[in-house]
Amino acid sequence: MPTGTVKFFNTQKGYGFISPDDGGKDVFVHVTAVEASGLPLLDEGMKVSFETEPDKRGKGPKAV
(Lines of atoms letter the chains of each structure in order from A and count residues from 1; the text may use other names and numbers.)
(Lines give C-alpha, C1' and ligand atoms only; values in the text may rest on other atoms or scores of the structure.)
Protein backbone atom coordinates (compact mmCIF):
# COMPACT_ATOMS: atom_id res chain seq x y z
CA MET A 1 0.00 0.00 0.00
CA PRO A 2 1.45 3.40 -0.94
CA THR A 3 2.41 5.89 1.75
CA GLY A 4 2.75 9.64 1.68
CA THR A 5 2.51 12.95 3.49
CA VAL A 6 -0.55 15.19 3.64
CA LYS A 7 0.39 18.28 1.62
CA PHE A 8 -2.72 20.15 2.76
CA PHE A 9 -6.32 19.43 3.70
CA ASN A 10 -9.05 22.09 3.73
CA THR A 11 -11.68 20.96 6.24
CA GLN A 12 -14.16 23.64 5.12
CA LYS A 13 -13.99 22.57 1.47
CA GLY A 14 -13.59 18.88 2.30
CA TYR A 15 -10.58 17.99 0.19
CA GLY A 16 -6.80 18.05 0.02
CA PHE A 17 -3.74 16.40 -1.48
CA ILE A 18 -1.24 13.74 -0.43
CA SER A 19 2.36 13.77 -1.71
CA PRO A 20 3.35 10.13 -2.31
CA ASP A 21 6.64 8.97 -0.79
CA ASP A 22 7.60 7.44 -4.16
CA GLY A 23 7.69 10.91 -5.72
CA GLY A 24 4.69 10.38 -7.99
CA LYS A 25 1.96 12.87 -8.81
CA ASP A 26 0.07 14.36 -5.84
CA VAL A 27 -3.05 12.39 -4.95
CA PHE A 28 -6.42 14.11 -4.45
CA VAL A 29 -8.25 13.09 -1.26
CA HIS A 30 -11.90 13.88 -0.47
CA VAL A 31 -13.39 14.04 3.01
CA THR A 32 -15.53 10.95 2.28
CA ALA A 33 -12.34 8.86 1.87
CA VAL A 34 -11.02 10.24 5.16
CA GLU A 35 -14.28 9.40 6.95
CA ALA A 36 -14.34 5.90 5.41
CA SER A 37 -10.83 5.27 6.76
CA GLY A 38 -11.94 6.00 10.31
CA LEU A 39 -9.64 9.00 10.71
CA PRO A 40 -11.26 12.10 12.20
CA LEU A 41 -9.32 14.47 9.88
CA LEU A 42 -6.04 14.98 8.07
CA ASP A 43 -3.41 17.48 9.19
CA GLU A 44 -0.66 18.97 7.04
CA GLY A 45 2.52 16.90 7.39
CA MET A 46 0.67 13.79 8.63
CA LYS A 47 2.07 10.46 7.33
CA VAL A 48 -0.64 8.26 5.81
CA SER A 49 -1.06 5.07 3.82
CA PHE A 50 -3.66 5.07 1.06
CA GLU A 51 -5.08 3.29 -1.97
CA THR A 52 -5.85 5.03 -5.24
CA GLU A 53 -8.20 4.79 -8.18
CA PRO A 54 -8.38 6.91 -11.34
CA ASP A 55 -10.34 10.14 -10.93
CA LYS A 56 -13.47 10.00 -13.10
CA ARG A 57 -12.73 13.54 -14.28
CA GLY A 58 -9.36 12.40 -15.63
CA LYS A 59 -7.30 14.73 -13.46
CA GLY A 60 -5.07 12.07 -11.91
CA PRO A 61 -5.31 9.59 -9.06
CA LYS A 62 -7.55 10.00 -6.04
CA ALA A 63 -7.28 8.36 -2.65
CA VAL A 64 -10.03 5.95 -1.65
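For the sequence shown, the tail end lands on 137 under our numbering, and the numbers increase by one without skipping.
Even for Gly, the Cβ is constructed at its ideal location relative to N, Cα and C.
Computed from a predicted structure; not experimentally measured.
Under 8 Å between C-beta atoms of residue i and residue j
i      : j      : result
MET118 : HIS103 : Correcting the residue identity first, residue 118 is Gly in this sequence and not Met. No, the Cβ-Cβ distance between GLY118 and HIS103 is not below 8 Å.
THR66  : VAL100 : With the chain running from 74 to 137 in the structure shown, residue 66 is simply not present.
ILE91  : LYS80  : yes
THR76  : LYS120 : yes
Residue i - containing alpha helix (DSSP H), residue span
i      : result
GLU108 : 104-110
Per-residue burial, residue i [other beta carbons within 10 Å of its own, 16 or more giving buried]
i      : result
ALA109 : exposed
PRO134 : buried
GLY96  : exposed
Extent of the continuous beta strand (DSSP E) run through residue i
i     : result
GLY87 : Premise fails: GLY87 is in no beta strand (DSSP E) and is neither H nor E.
Nearest-angstrom Cα separation, counted from residue j out to residue i
i      : j      : result
LEU115 : LYS129 : 23 Å
SER122 : GLY111 : 13 Å
PRO127 : MET74  : 16 Å
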